[in-house]
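Visitor: Using the numbering used here, you'd call the opening residue of the sequence shown number 7 and step up by one each time. The C-beta atom is built at its ideal place from N, Cα and C for all residues, glycine as well. Handing you a structure now.
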Amino acid sequence: MRHWLVAMGLATCVAAAACGSTVQQQGRGGATSDGLSGASANGGTNVQSGAGDNAAASGSDLGASGSTGSGGSTSGKGTSGSKTTGSSSSKVATTGAPTVASGAPVEVGIVIYPDVSSFAAEFGGTADVGDQQKEAEAAVNWANAHGGLAGHKIVPVFFTVQLTSATPYDQTEQQICSVFTQDHHVVAATTAGANVDNVMPECLKAHHVLYITIGHFMHDNTDWAQYPFMYSLAETSSTRLGTAMARETLNRKFVAKGDKVGLMVMEEPALLRAADKVVKPMFQAQGISVTEYTVPYPTSTPDIANSVAIDQSAALKMASQGIKTVLFLCPGCLSFFAQNAGSQHYYPRYVFSSIDGPAGLTGSQYADSFRSAFGLGWEPLQDVGGYSHNPAPGPNSTRDLCTAIEKASGQVSGDQSFWASTILCDAVLTMWQAGQKIGTLPPTGDNLVQGVGMFGQSWPSAMNYSTNVAPSRHDGVEAYRALKWDDGCTCFVYAAPTFFPFP
Numbered sequence: 007m008r009h010w011l012v013a014m015g016l017a018t019c020v021a022a023a024a025c026g027s028t029v030q031q032q033g034r035g036g037a038t039s040d041g042l043s044g045a046s047a048n049g050g051t052n053v054q055s056g057a058g059d060n061a062a063a064s065g066s067d068l069g070a071s072g073s074t075g076s077g078g079s080t081s082g083k084g085t086s087g088s089k090t091t092g093s094s095s096s097k098v099a100t101t102g103a104p105t106v107a108s109g110a111p112v113e114v115g116i117v118i119y120p121d122v123s124s125f126a127a128e129f130g131g132t133a134d135v136g137d138q139q140k141e142a143e144a145a146v147n148w149a150n151a152h153g154g155l156a157g158h159k160i161v162p163v164f165f166t167v168q169l170t171s172a173t174p175y176d177q178t179e180q181q182i183c184s185v186f187t188q189d190h191h192v193v194a195a196t197t198a199g200a201n202v203d204n205v206m207p208e209c210l211k212a213h214h215v216l217y218i219t220i221g222h223f224m225h226d227n228t229d230w231a232q233y234p235f236m237y238s239l240a241e242t243s244s245t246r247l248g249t250a251m252a253r254e255t256l257n258r259k260f261v262a263k264g265d266k267v268g269l270m271v272m273e274e275p276a277l278l279r280a281a282d283k284v285v286k287p288m289f290q291a292q293g294i295s296v297t298e299y300t301v302p303y304p305t306s307t308p309d310i311a312n313s314v315a316i317d318q319s320a321a322l323k324m325a326s327q328g329i330k331t332v333l334f335l336c337p338g339c340l341s342f343f344a345q346n347a348g349s350q351h352y353y354p355r356y357v358f359s360s361i362d363g364p365a366g367l368t369g370s371q372y373a374d375s376f377r378s379a380f381g382l383g384w385e386p387l388q389d390v391g392g393y394s395h396n397p398a399p400g401p402n403s404t405r406d407l408c409t410a411i412e413k414a415s416g417q418v419s420g421d422q423s424f425w426a427s428t429i430l431c432d433a434v435l436t437m438w439q440a441g442q443k444i445g446t447l448p449p450t451g452d453n454l455v456q457g458v459g460m461f462g463q464s465w466p467s468a469m470n471y472s473t474n475v476a477p478s479r480h481d482g483v484e485a486y487r488a489l490k491w492d493d494g495c496t497c498f499v500y501a502a503p504t505f506f507p508f509p
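In structure tokens:
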């Protein structure tokens, strides 16, 4: 089995090692639809995300002071501070947009994770994503050679996150924002590849910073209305995903009236809303009951270590209830659930998606578990791999450009590094293209947000098949393909070239 992508706790947990979900025995609302106590878990694979209610600018190995780096970039290292509590909005002072002098360089913030391999090893996995700073610098150098950000030279500010640190995620997010907006004055920022909760967009909004997310902390229109500086070209909304998963399950007749369907949900606000407002009503309208298990979002890397028990508990209970189909709105939960269910000779049909990182779920040990599985895949690099499927499935001009750009980094040697380099390149080129759209306007965060809103379908994300964004639509993914298990490669493959539109 390949343990990859998992390692950063990055966009998703794709192997049984670092991701999965964790344990507390409490269910959302106190019970499942059949009256049984619901299981809960801390889980998923996230880099710097947390509960969002307790934030601080402290951390032993992360910091708020910037040091000048080579090649015109700067790097963040850490200080310590006191922990504060309260809502994130109470901790962030609203400021005016940074001004940009005519012809002056502009800073953009990029978060990188140098200890991916060590992090993966802690959970029994392996990872080689290359030197992310070099990967990002290759994209920045290309952008600067092609006009920079609306005619201004881009100076990257790198913030280094130690994934093996025990620092609470929300504290790290506040540190990142402090470095980017106080020690520096970035006009745009990205945490590409990481699951980052809403502490970050809340803080960056207050400082008028364009924020590009490419991860699997899911959002919906409620979030994008609250955080208008956040764009997610490589993501689909939790509402669209929940609707499509329920629609496929019903249309393909995986369940029928009188059946029970299992639903695993990560306790991310947008996923909880999708479960309550979309998925459960769609099934219940067809006379199908829903047994839901929620997975609390981890507040730190040590929190992930509590993951496995919830999957064992959920699998046991679903098996005892005769549930034959299980849906996952729960990044990182599928791998552990399937392993634990398989150890009990329980093989339900799984309905999953790109947020489960199917490219990392390989090997004969999964064959019995996944033969009947059905996936919704919109991220080819995480669905089936990119380097091993070269060119990656489907035409994509931005991905082709990133592939050419990243040759200069010398870091791409396999699926993992191809994914990591492409996701960083995609974020940088999104900023660059926003600058192209605004013409002679200064590249402030406000203007760059307007620039991204002008993309429409003209600028595809390198990470998906077709992209469409607008001022009223901040998630870019338009379509998905069906995924199925293949016994020949003992891996997931696309079932057909057909594309299905997200609702």
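With distances taken Cα to Cα, identify the nearest neighbour of A195 among G482, T436, G462.
Guide: Of G482, T436, G462, the residue nearest in Cα terms is T436.
Visitor: Quick one: Cα of T404 to Cα of G199, how far?
Guide: Their Cα atoms are separated by approximately 17 Å.
Visitor: Kindly identify the DSSP beta-bridge partner or partners of H511.
Guide: Nothing can be reported for residue 511, as the shown portion of the chain is limited to 7 through 509.
Visitor: Whose C-beta lies closer than 7 Å to the C-beta of P287 among residues of the same chain, with five residues either side of it excluded?
Guide: So no residue of the chain qualifies.
Visitor: Taking C-alpha atoms, which residue in D309, M270, K266 lies nearest to S326?
Guide: When each option's Cα is compared against that of S326, the closest is K266.
Visitor: Going by DSSP, name the residue or residues bridged to M236.
Guide: Answer is Y217.
Visitor: Could you check whether V106 and T368 sit closer than 7 Å to each other, using their CB atoms as the reference points?
Guide: Contact flag unset, no.
Visitor: Alpha carbon to alpha carbon, how far is D203 from F223?
Guide: Those two C-alpha atoms are separated by around 6 Å.
Visitor: How far does the beta strand (DSSP E) with W491 in it reach, from first residue to last?
Guide: Residues 485-492.
Visitor: Using alpha carbons as the reference points, say which of A468, Y303, P397 lies closest to Y175.
Guide: Measuring from the Cα of Y175, the nearest candidate turns out to be Y303.
Visitor: Which value, in whole angstroms, describes the spacing of the CA atoms of G35 and D229?
Guide: Note on G35: pLDDT 35, under 50, position unreliable in the model; no value is reported.
Visitor: Quick one: give me the first and last residue of the beta strand (DSSP E) that L269 is part of.
Guide: Segment 266-272, the beta strand (DSSP E) holding L269.
Visitor: Specify, as a first and last residue, the run of the alpha helix (DSSP H) that A194 falls within.
Guide: Not the alpha helix (DSSP H): A194 falls in the beta strand (DSSP E), residues 194-196.
Visitor: Does the distance from the CB of V112 to the CB of L155 come in under 7 Å?
Guide: For V112 and L155, yes; Cβs fall inside 7 Å.
Visitor: Does the Cβ-Cβ distance between I411 and I220 come in under 7 Å?
Guide: In this structure, I220 does not lie closer than 7 Å to I411 by Cβ.
Visitor: Since C339 contacts M236 with CB under 8 Å, what's their CB separation in whole angstroms?
Guide: C339 to M236, Cβ: 25 Å. No contact.
Visitor: Report, in whole angstroms, the separation of the C-beta atoms of Y307 and S171, which I expect to be a contact under 8 Å.
Guide: A quick correction: the sequence has Thr, not Tyr, at residue 307. Correct: roughly 7 Å between the Cβ atoms.
Visitor: By Cβ distance, which residues of its chain are closer than 7 Å to I160, with the 5 residues on each side in sequence left out?
Guide: Here the set comprises V112, V114, V146, A149, N150, G154.
Visitor: Determine which residues share a DSSP beta bridge with R479 and list them.
Guide: Beta-bridge pairing links R479 to A476.
Visitor: Would DSSP call E385 helix, strand or coil?
Guide: DSSP places E385 in coil when its eight states are reduced to three.
Visitor: Taking just the CA atoms, how far does G248 sit from T255?
Guide: So the two alpha carbons sit approximately 11 Å from each other.
Visitor: If I measure Cβ to Cβ from F343 and keep anything under 7 Å in the same chain, skipping five residues before and after, which residues do I get?
Guide: Taken in chain order, the residues that qualify are M270, D317, A320, A321.
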